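A.B. asks:
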Amino acid sequence: MRGSTSPWRFIADDSEDPSSPTSRQQWEAWVNFSLFKARCVEAGILDQPTNPYGLPADQIVEGLETNPLPGPQAARDAKVLIAAQYLAVAGDKFYERLVLVPRRAFFNNNANTNTKAAAAIALHRGRARWSLWASRLEFLALHGSLGGPVVETLQVARRRVVAIEPVLFPGMAMRR
């Protein structure tokens with residue numbers, strides 16, 4: 032789901048009362064589908080050149096970079112849980128796209144100056160986003176008023192993000 036068709040708006044608009052059992056079931060179905068998709072990402076199924084969707088980073092952005100806390104509890108839990116699941120299950124693939132690909136382009140000896148400059152900017156942005164996601168995972172686990180299973184998944188995802196690039200998180204790897 033790319034572009035203007037956000038899955039969050041689609042599901043939230045389907046029912047008039049976001050706290051209704053039907054709405055909660057829709058959120059649970061979306062969480063389950065997203066976990067399946069995260070497993071497909073990790074398995075490399077979505078790495079095909081013919082895949083028009085790419086990595087579903089927009090759902091991580093929606094769950095971690097925007098403020099998911101206002102709104103019904105089921106919606107908040109689902110958005111944050113989906114973002115955490117993607118990072119816990121397929122964190123390596125997101126890290127590769129955000130950091131490793133720009134790093135390889137930057138250190139490519141055959142690249143021209145403009146390509147190296149663009150790669151350096153992309154590398155800096157990717158590392159900054161990776162750090163932001165780890166910080167938001169920790170913040171939401173501690174102060175998000177989210178359900179117990181969501182907090183556990185946030186903690187697992189944070190440990191995974193820190194373990195993938197521990198250099199970005201001096202001292203953070205030791206915290207629990």
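For what it's worth, our numbering labels the leading residue of the sequence shown as 32, then goes sequentially. Yeah, the Cβ is synthetic: ideal placement off N, Cα and C, and Gly gets one too. Bear in mind that the values here come from a model prediction, so they are computed numbers and not experimental data.
1. What would DSSP say about T146, mapped onto helix, strand or coil?
2. For G94 and R55, I'd like the C-alpha separation in whole angstroms.
3. Classify F200 as helix, strand or coil using the three-state DSSP reduction.
4. What three-state label does DSSP hand F125 in the structure shown?
5. Buried or exposed for E183, please, with buried defined as at least 16 other CB atoms from any protein chain shown within 10 angstroms of its CB.
6. For I113, count neighbouring Cβ atoms within 10 angstroms of its own Cβ and tell me buried if that reaches 16, exposed if not.
7. Which residue comes first and which comes last in the alpha helix (DSSP H) that contains G179?
8. Which word fits F200, buried or exposed, when buried means at least 16 other C-beta atoms lie within 10 angstroms of its C-beta?
9. Can you tell me where the alpha helix (DSSP H) holding F137 begins and where it ends?
10. Taking the straight line between their C-alpha atoms, what separation do you get for W61 and R189?
11. The alpha helix (DSSP H) with I91 in it runs from where to where?
12. Going by C-alpha to C-alpha distance, which of Q104, G75, K68 sits closest to I91?
13. What residue from Y126, L77, A165, S176 has the CA that sits closest to L154's CA?
14. Below 8 Å CB to CB, which residues in the same chain sit around G122 once its five sequence neighbours on both sides are set aside?
15. Please report the straight-line C-alpha distance between D78 and V132, rounded to a whole angstrom.
16. Take the Cβ of A165 as the centre, count every other Cβ of all protein chains shown within 10 Å, and call the residue buried at 16 or more, exposed below.
17. Please state whether DSSP places S176 in a helix, a strand or coil.
18. Which whole-angstrom value is the C-beta distance of G175 and V111, which I expect to be below 8 Å?
C.D. replies: Taking the coordinates as given:
1. Correct three-state label for T146: helix.
2. Rounded to whole angstroms, the separation of the alpha carbons of R55 and G94 is 17 Å.
3. DSSP, reduced to helix, strand and coil, places F200 outside both helices and strands of the structure shown, so it counts as coil.
4. Here F125 sits in helix by DSSP.
5. Looking at its Cβ environment, which holds fewer than 16 other Cβ atoms inside 10 Å, E183 is exposed.
6. Looking at its Cβ environment, which holds 16 or more other Cβ atoms inside 10 Å, I113 is buried.
7. Segment 179–195, the alpha helix (DSSP H) holding G179.
8. Buried is the label assigned to F200, since at least 16 other Cβ atoms lie within 10 Å of its Cβ.
9. First-last of the alpha helix (DSSP H) with F137: 132–137.
10. Their backbone Cα atoms lie some 22 Å apart in a straight line.
11. Taken as a continuous stretch (DSSP letters only), the alpha helix (DSSP H) holding I91 covers 88–91.
12. Distance from the Cα of I91 is smallest, within the candidate group Q104, G75, K68, for K68.
13. Taking each of Y126, L77, A165, S176 in turn and checking the Cα distance to L154, the smallest one comes out for Y126.
14. Only A188, R191, V192, I195 meet the Cβ criterion.
15. CA-to-CA, the gap between D78 and V132 works out to about 14 Å.
16. By the 10 Å Cβ count, A165 comes out buried.
17. DSSP, read as helix, strand or coil, puts S176 in coil.
18. Confirmed, Cβ separation roughly 7 Å.
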